[in-house]
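Q:
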Amino acid sequence: MGAAATIGGGSAPETSFSQLPEEMPPIAPRLLTDLLDHAVEAHGNWPAIDFMGRKWTYKEIGELSRRAARGFQDLGVKHGTRVGLCLPNTPYYVICYFAILRIGGIVVNFNPLYTEREMAHLVEDSGAEFIVASDLALSLPKIEPLVGARNGALRRVIVCPIADALPKLKGRAYRLLKRKDIAHEPHDLRFLRFADLIARDADPDPVERAPSDLAVLQYTGGTTGVPKGAMLSHANLAANSAQMIAHVGHMPEQQERTLGVLPLFHVFALTTVLNYSVDTAAEMILLPRFEMKSFLATAKRTKPTQFFGVPTLYTALNNKELHGEFDNVRVCISGGAPLPLEVRQKFEQRTGVRVVEGYGLSEASPIIACNPLEGDVKDNSCGPAFPGTVLEIRDPDNPHRVMPQGERGEVCARGPQVMSGYWNRPEESEKTFIYGALRTGDVGYLDEDGYLFLVDRIKDMILCGGYNVYPRTIEDALYEHPMVHEAIVIGVPDAYRGQAPKAFVALHPGDVLDQDTLMAFLKERLNKIEMPAAIEFRDSLPKTLVGKLSKKELVEEENARRAAGSAQDPSA
Numbered sequence: 001m002g003a004a005a006t007i008g009g010g011s012a013p014e015t016s017f018s019q020l021p022e023e024m025p026p027i028a029p030r031l032l033t034d035l036l037d038h039a040v041e042a043h044g045n046w047p048a049i050d051f052m053g054r055k056w057t058y059k060e061i062g063e064l065s066r067r068a069a070r071g072f073q074d075l076g077v078k079h080g081t082r083v084g085l086c087l088p089n090t091p092y093y094v095i096c097y098f099a100i101l102r103i104g105g106i107v108v109n110f111n112p113l114y115t116e117r118e119m120a121h122l123v124e125d126s127g128a129e130f131i132v133a134s135d136l137a138l139s140l141p142k143i144e145p146l147v148g149a150r151n152g153a154l155r156r157v158i159v160c161p162i163a164d165a166l167p168k169l170k171g172r173a174y175r176l177l178k179r180k181d182i183a184h185e186p187h188d189l190r191f192l193r194f195a196d197l198i199a200r201d202a203d204p205d206p207v208e209r210a211p212s213d214l215a216v217l218q219y220t221g222g223t224t225g226v227p228k229g230a231m232l233s234h235a236n237l238a239a240n241s242a243q244m245i246a247h248v249g250h251m252p253e254q255q256e257r258t259l260g261v262l263p264l265f266h267v268f269a270l271t272t273v274l275n276y277s278v279d280t281a282a283e284m285i286l287l288p289r290f291e292m293k294s295f296l297a298t299a300k301r302t303k304p305t306q307f308f309g310v311p312t313l314y315t316a317l318n319n320k321e322l323h324g325e326f327d328n329v330r331v332c333i334s335g336g337a338p339l340p341l342e343v344r345q346k347f348e349q350r351t352g353v354r355v356v357e358g359y360g361l362s363e364a365s366p367i368i369a370c371n372p373l374e375g376d377v378k379d380n381s382c383g384p385a386f387p388g389t390v391l392e393i394r395d396p397d398n399p400h401r402v403m404p405q406g407e408r409g410e411v412c413a414r415g416p417q418v419m420s421g422y423w424n425r426p427e428e429s430e431k432t433f434i435y436g437a438l439r440t441g442d443v444g445y446l447d448e449d450g451y452l453f454l455v456d457r458i459k460d461m462i463l464c465g466g467y468n469v470y471p472r473t474i475e476d477a478l479y480e481h482p483m484v485h486e487a488i489v490i491g492v493p494d495a496y497r498g499q500a501p502k503a504f505v506a507l508h509p510g511d512v513l514d515q516d517t518l519m520a521f522l523k524e525r526l527n528k529i530e531m532p533a534a535i536e537f538r539d540s541l542p543k544t545l546v547g548k549l550s551k552k553e554l555v556e557e558e559n560a561r562r563a564a565g566s567a568q569d570p571s572a
């Protein structure tokens, strides 16, 4: 690893680090569909997907994606059309992802757990004209009212029946036993089934595309809490896949098997489970949701060689009896939130598998740093810069100044995986960059070897089980209750999820409200991940000198309370 010249921030070269293995050539811009095309050409008969025991080869996925691309064009998808994917991990996601990209469309990732309000915001902000969704009752009914809505562009919905993707016997059992989980499909011509999308056996019309074209709108709260679409190009996402290959190594003669339980709509999984796996012609073992018994049975059956998880997943596994499910794992990476040292050490001791921690954000496709798979481990570090990436530490109060090595500041990154900006937000995009480097909003420092250590977060965003939870969303929901006068939400440590939201509420004078009643009110407005772990009622909430609600005092109080509790109970 060598020092890189500091750009626009004075002369402190030891504080900017880049990593590029000598054997790795410069990262050439690629189309994401090139990844699939190469896998089909070189390893068409290799298994591409294992979904609950049913398999598809790369040749079959390539063919289905071709037909879906034709179907999307027949519906009116053109170069630049935004198409939402609101799907759990299923073959449908992989097929439609590459189909949309092949004809110049832009993928907009939707979390199926979003509330109707959150989905409406993404539809309106992105201008998505089409959505591909499963037939699950937890998501399809929330999409139905958005079709043809006044404030949105949504025109059509492609419905993907989960049962049709399962092995035949499992599909029949699913339709019978999980009837309550399946939504009633609307009798509306604006809704069509996936089978109709791929009905025409024809190639799509050729579309002129470039690696610099926008490929994915990945919504993230950034620093404001208002979800914004990070604009990730084909080149950005393909570069992060190439960086993964350079970092973990690749044996072309041997097929890897990637255990994919992280949702593909999450950018960490999009890169590691999907793009990187296809880039290396790995088999993707897709699980639509995390259920421990099914997860362990699948791992035992498929013998994965690669596993990407979030800290809550490793914590959950540490509390279960294991029977060799991870014996074949070669690559094991944790991301999405800080990985507690004790969780990593316990998992490694129980499985014999080395877990390395990485760091990234949606705006960088997402990985910008990761610990090495071999060699010494630096506890509590996120590792060195990813191949081809430059990390800088800048003064948060004066970002033109680069901090000396070892001193804390805002982590900034530049590299081929970094986004071009936020969708339709030029002013916020400009503020997010300094001399071409992405400002992450996180505080950290680089040691003498260029290893990154995170020490704090500038953002109020709460990292809950690897998901971004935005306090403002919860606060807005609280304010909808007629008795709530003031509300503040902060993140507090949580042994299982890493962090959890806690709400502080002041009621209008004379009003009486208990936690259970308010929690029930919030359940109608927030998804499960956003629900506060606790609500504390107070007569008033702290404010700044100019009268703004202040979170600082509450954070300090919580820290002091927990420190006092730990002092009284050393085992806590």
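In my numbering, the protein residues as written are 1 to 572.
Even glycine gets a Cβ: it sits at the ideal position worked out from N, Cα and C.
As the structure is a prediction and not an experimental result, all values here were calculated from the model.
(1) In its own chain, which residues sit with a C-beta less than 6 Å from the C-beta of alanine 137, not counting the 5 before and 5 after it?
(2) Between lysine 303 and chain D, is any beta-carbon pair separated by less than 8 Å?
(3) How should glycine 375 be labelled, buried or exposed, when 16 other C-beta atoms within 10 angstroms of its C-beta is the threshold for buried?
(4) Distance, Cα to Cα, alanine 242 vs phenylalanine 386?
(5) Quick one: Cα of alanine 269 to Cα of glycine 510, how far?
(6) Is the Cβ-Cβ distance between serine 126 and alanine 133 less than 8 Å?
(7) With a Cβ-Cβ cutoff of 8 Å, do arginine 155 and arginine 190 count as a contact?
(8) Using a 10 Å radius around the Cβ and a threshold of 16 neighbouring Cβ atoms, would you call histidine 400 buried or exposed?
(9) Quick check: the region 106-124 against the region 281-291, are there 3 or more CB pairs under 8 Å?
(10) What's the C-alpha gap between histidine 121 and alanine 564?
(11) Have a look at the DSSP bridge pairing and note the partners of lysine 502.
(12) Enumerate in chain order the residues of its own chain whose CB-to-CB distance from alanine 238 is below 8 Å, with the five nearest sequence positions on each side excluded.
(13) Would you check if the region 37-48 and the region 396-412 touch, i.e. whether three or more CB-CB distances between them fall below 8 Å?
(14) Between the alpha carbons of alanine 364 and glycine 491, how many angstroms are there, rounded?
(15) Closer than 7 Å by C-beta to valine 426: which residues in its own chain qualify, once you throw out the five before and the five after it? Chain order, please.
(16) Which partner residues does glutamine 218 have in the DSSP bridge list?
(17) Per DSSP, what are the beta-bridge partners of asparagine 398 in this structure?
(18) What runs of the beta strand (DSSP E), each 3 residues or longer, lie entirely inside the region 107-186?
(19) Hey, quick one: how far does the beta strand (DSSP E) through glycine 84 stretch, first residue to last?
(20) Can you give me the C-alpha to C-alpha distance between aspartate 205 and valine 555, rounded to a whole angstrom?
(21) Could you tell me if threonine 315 is buried or exposed, where buried requires 16 or more neighbouring beta carbons within 10 angstroms of its beta carbon?
(22) How big is the Cα-Cα spacing for leucine 545 and threonine 389?
(23) Which residues mark the beginning and the end of the alpha helix (DSSP H) in which isoleucine 100 is found?
(24) Skipping 5 residues on each side, what residues in its chain have a beta carbon closer than 8 Å to that of glutamate 63?
(25) Extract the residue ranges of the beta strand (DSSP E) inside the region 446-479, only unbroken runs of 3 or more that lie entirely within it.
(26) Could you give the C-beta distance for serine 381 and leucine 452, rounded to a whole number, given that I count them as a contact under 8 Å?
(27) Pick from Arg330, Val157, Arg525, Leu522: whose alpha carbon is nearest that of arginine 82?
(28) With DSSP as the reference, identify every bridge partner of alanine 413, one or two as the case may be.
(29) Can you tell me whether glycine 222 is buried or exposed? The criterion is at least 16 other CB atoms within 10 Å of its CB, across all chains shown.
(30) For the 8 Å Cβ check, are there 3 or more pairs between the region 332-350 and the region 304-314?
(31) I believe leucine 197 touches alanine 68 by the beta-carbon criterion, under 8 Å. Please report the beta-carbon distance rounded to the nearest angstrom.
(32) DSSP puts serine 334 in a beta bridge; with which residues?
(33) Give the straight-line distance between the Cα atoms of tyrosine 93 and proline 542, rounded to the nearest whole angstrom.
(34) Taking the straight line between their C-alpha atoms, what separation do you get for valine 505 and lysine 551?
(35) Would you report the Cα separation of leucine 259 and alanine 369, rounded to the nearest angstrom?
(36) Can you tell me which of the three DSSP states arginine 257 falls into?
A: Quick look at the numbers:
(1) Asp181, Ala183, listed in sequence order.
(2) Considering every chain present, this structure includes no chain D. It has just one protein chain.
(3) Answer is exposed; the Cβ neighbour count stays below 16.
(4) Looking at the two C-alpha atoms, the distance is approximately 10 Å.
(5) Near 49 Å, if we compare the C-alpha coordinates of glycine 510 and alanine 269.
(6) Using a Cβ distance threshold of 8 Å, serine 126 and alanine 133 do not count as a contacting pair.
(7) Less than 8 Å divides the Cβ of arginine 155 from the Cβ of arginine 190.
(8) With fewer than 16 other Cβ atoms inside 10 Å of its own Cβ, histidine 400 counts as exposed.
(9) At 8 Å Cβ cutoff, the stretches do not touch.
(10) So the alpha carbons of these two residues sit roughly 42 Å apart.
(11) Residue pairing from DSSP places lysine 502 in a beta bridge opposite Ile490, Ala534.
(12) Within the same chain, and ignoring the five residues on either side of alanine 238 in sequence, the residues whose Cβ sits closer than 8 Å to its Cβ are Pro29, Arg30, Leu31, Leu32, Asp34, Leu35, Pro211, Asn275, Asp279.
(13) No, they do not touch.
(14) Each residue's alpha carbon lies about 24 Å from the other.
(15) The question names valine, but residue 426 is proline in the sequence shown. Nothing meets the Cβ criterion.
(16) By DSSP's assignment, glutamine 218 forms a beta bridge with Ala230.
(17) DSSP output for asparagine 398 lists Asp395 as bridge partner(s).
(18) Segments of the beta strand (DSSP E) lying fully in the region 107-186: 130-134, 156-160.
(19) 82-86 is the extent of the beta strand (DSSP E) around glycine 84.
(20) Inter-residue distance for aspartate 205 and valine 555 is about 56 Å (C-alpha atoms, whole angstroms).
(21) Buried, because 16 or more other Cβ atoms sit within 10 Å of the Cβ of threonine 315.
(22) Here the model assigns leucine 545 a pLDDT of 47, short of 50, so the residue's position is not dependable, and the following value carries that caveat. Spanning the alpha carbons of leucine 545 and threonine 389 requires a straight line of approximately 42 Å.
(23) Counting along the chain, the alpha helix (DSSP H) containing isoleucine 100 begins and ends at 91-102.
(24) Residues of the same chain with their beta carbon placed closer than 8 Å to that of glutamate 63 are lacking, with the five preceding and five following residues left out of the count.
(25) Counting only runs of 3 or more, we get 452-457, 462-464, 467-469.
(26) Between serine 381 and leucine 452, the beta carbon gap of about 6 Å places them in contact (Cβ cut-off 8 Å).
(27) The shortest Cα separation from arginine 82 among Arg330, Val157, Arg525, Leu522 belongs to Val157.
(28) BP columns for alanine 413 point to Leu391, Leu438.
(29) Note on glycine 222: pLDDT 47, under 50, position unreliable in the model; the coordinate value appears next. Burial call: buried.
(30) Short answer: they touch.
(31) Correct: roughly 6 Å between the Cβ atoms.
(32) For serine 334, which the question treats as bridged, DSSP gives the partners Gly309, Glu357.
(33) Put simply, the backbone Cα of tyrosine 93 is about 46 Å away from that of proline 542.
(34) The C-alpha of valine 505 lies about 12 Å from the C-alpha of lysine 551.
(35) The alpha-carbon atoms of leucine 259 and alanine 369 are separated by roughly 22 Å.
(36) If DSSP states are grouped into helix, strand and coil, arginine 257 belongs with the strands.
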